[in-house]
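Residue 1084 is where the sequence shown starts when you use this note's numbering, and the numbers rise one by one after that.
Idealized CB from N, CA, C, for every residue including glycine.
The structure presented is a predicted model; accordingly, all values stated were derived computationally and were not measured.
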Amino acid sequence: MTLVPDPPASLPRFPRDFLWGVSTSAAQIEGAVAEGGRGRSSWDVFAAESGRIKDGSDARVATDHYHRYPEDVALLKGLGVRAYRFSVAWPRVVPDGAGEVNTAGLDFYDRLVDALLAAGVEPVPTLFHWDTPQALEEGGGWLRRETAEAFAGYADVVAARLGDRVGRWITLNEPAELTLLGYGLGQHAPGRQLLFDALPAAHHQLLGHGLAVQALRARGARSIGIANSHGPTWAASGSEADRSAADLYDLLLNRLFAEPLLLGRYPGAELGFDVADLMPGPVAEDLKVISGPLDWYGINYYQPTRVGAPTESGGAAPAEFAGIALPPELPFVPREIEGYPRTDFGWPVVPEALTELLVSFRERYGDRLPPLVITENGCSYEGTEDEERIAFLDGHLRALHAAMAAGVDVRGYFVWSLMDNFEWAEGYARRFGLVHIDYETLARTPKASYRWLRDVLREQERG
């Protein structure tokens, strides 16, 4: 039985200027993929291939946010959040990724930003949330330097239109997942299975980020961050093999995407190699661009990962972990984390690992670490009862406050997600939303967690 958390009034007080928000992404909610001049994305093509999406669905309609955004803005206003993190669909604005700009696409985001501001909600756009224009993907996508350069041009176009009203920008969402799942393992678009040969996609995304920061600064942007996914890595045992495997996993999923940004270098020397040697192009010069100053650093947190060597702490590598097919040649293997409740997605619920993660970032990066924002945190539960989601959010807000009490500078927290949506390769089987979506009628119904968070925010405002 899930215990219902204490009332919102029992939560510790956050600073008065703390940024409370919720998040979504264009590819997961907008729909209207063939309307308003939008070009095809890598996810449109991927979802159309048989067997790619587990429930056989696609995002052609999704939650129809493109047409129903006024309803969704009203939900945001009713929730009482200060900010809304959404993403701009690159193929809606520049259909082929570079070249001709689609004015109708920009008009949509113009209307959305104006509606948010009228509702008293700060717009926080993410420029790239995995929906690469298919024309670029067919030319090699993020494996090619030209995609990073095209991304900077697209960032300039969006900032030119929205920059007079948008104060806070996010360049990329989770380049680690696109590299690993999209180019490395083929579980996400574009469906490549390159394993470690996918590393150029990591470098070019980071370079695209750096070039986009330059473009945004040139347009007068004063608050820029990135949304990287991070989580603690726990060794499966104290053996040297398991510790080494965990160190390598942590390097590839955490440090590879943090240290170029924060320290201006790639990690790996302490493990006997330098990741920079595996990257394409003028890496030293690129790192100067990649490490341009950030105003804040976004962290998407969901769970820790327990990792061992393929022949330690559990024997041979499993064929699948958390729904992801694993090739046998991986030098590390995720292991199950026992002793914690699980979401309906099978992810362990470990709020204290968020505290651990944030404190470890402060200890590892010191004064090179800008203020932090939790840009995603949430859970998938498919049942009609919502106590588990409320308990998840309650626990993670307490864990976040504990990190802040320990001296970590955290300025905001965004729940994933405002509404149920197209959950990538899972289709519509996973429900992360504070608002329930009936996929037959597209009716929006706030869940108990929506009302709980609304009450939390009201109580925090009273503080």
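CA-CA distance, residue i and residue j?
i, j, result
"Y1522", "V1372", "43 angstroms"
"L1335", "A1238", "27 angstroms"
"G1267", "K1137", "19 angstroms"
"F1415", "P1315", "15 angstroms"
"P1095", "A1298", "39 angstroms"
"A1157", "A1319", "46 angstroms"
"R1548", "E1154", "Outside the shown range of the chain, which is 1084 to 1546, sits residue 1548, and nothing can be said about it."
"E1221", "D1214", "13 angstroms"
"T1467", "P1529", "12 angstroms"
"R1227", "L1282", "11 angstroms"
"S1093", "L1476", "13 angstroms"
"R1099", "R1494", "10 angstroms"
"Y1149", "A1242", "20 angstroms"
"I1382", "E1257", "9 angstroms"
"L1483", "E1542", "17 angstroms"
"R1447", "E1132", "43 angstroms"
"L1263", "N1185", "31 angstroms"
"G1223", "E1118", "26 angstroms"
"F1129", "Y1192", "25 angstroms"
"P1454", "R1534", "29 angstroms"
"D1280", "A1392", "21 angstroms"
"D1179", "G1490", "45 angstroms"
"D1378", "C1462", "28 angstroms"
"P1208", "D1360", "34 angstroms"
"L1540", "F1101", "11 angstroms"
Measure from the alpha carbon of residue i to the alpha carbon of each residue in the options, then state which is nearest.
i, options, result
"L1339", "A1328, A1329 and G1351", "G1351"
"L1413", "A1328, V1176 and Y1237", "A1328"
"E1342", "P1393, L1289, A1319 and L1361", "L1289"
"Q1270", "W1507, E1544, F1515 and D1538", "W1507"
"V1432", "E1439, P1424 and T1438", "P1424"
"G1291", "F1211, Q1111 and L1346", "F1211"
"L1354", "Y1332, S1108, L1345 and P1363", "Y1332"
"S1108", "A1512, H1313, R1545 and M1502", "M1502"
"L1199", "A1172, G1161, R1472 and A1301", "G1161"
"L1437", "D1427, A1485, A1474 and G1364", "A1485"
"E1205", "G1188, G1246 and A1512", "G1246"
"E1465", "D1427, L1455 and L1441", "D1427"
"S1374", "L1345, Y1384, P1363 and V1390", "L1345"
"Y1496", "L1452, Y1380 and T1524", "Y1380"
"W1103", "V1164, R1326, D1378 and R1121", "V1164"
"V1518", "R1121, R1135 and L1159", "L1159"
"S1140", "L1536, D1197, G1516 and E1509", "E1509"
Have a look at the DSSP bridge pairing and note the partners of residue i.
i, result
"M1502", "V1518"
"Y1167", "V1105 and P1206"
"T1316", "T1388"
"V1416", "G1391"
"R1425", "P1431"
Run through DSSP, which three-state label would residue i get?
i, result
"R1494", "strand"
"A1238", "helix"
"R1379", "The question names Arg, but residue 1379 in the sequence shown is Trp. If DSSP states are grouped into helix, strand and coil, W1379 belongs with coil."
"P1153", "helix"
"A1272", "coil"
"A1526", "coil"
"N1256", "strand"
"L1455", "strand"
"I1029", "Absent from the structure is residue 1029, since the part of the chain shown begins at 1084 and ends at 1546."
"S1124", "strand"
"V1372", "helix"
"P1283", "helix"
"R1445", "helix"
"T1085", "Reliability fails at T1085, whose pLDDT of 49 lies under 50, so the model's placement of it is uncertain and no value is given."
"P1091", "helix"
"P1431", "strand"
"F1097", "coil"
"R1300", "helix"
"F1129", "helix"
"T1262", "helix"
"P1343", "helix"
Under 7 angstroms: does the beta carbon of residue i sit that close to some heavy atom of the ligand ATP?
i, result
"F1169", "Annotation note on the ligand ATP: not contained in the displayed structure, which lists no ligands."
Using a 10 Å radius around the Cβ and a threshold of 16 neighbouring Cβ atoms, would you call residue i buried or exposed?
i, result
"S1500", "buried"
"M1084", "Here M1084 scores only 41 on pLDDT, less than 50, and its place in the model is too uncertain to base an answer on."
"G1250", "exposed"
"L1370", "buried"
"T1388", "buried"
"S1106", "buried"
"R1168", "buried"
"T1394", "exposed"
"E1323", "exposed"
"E1260", "buried"
"D1127", "buried"
Would residue i count as contacting chain B if we go by Cβ distances under 8 angstroms?
i, result
"L1480", "The structure shown has no chain B; it contains just one protein chain."
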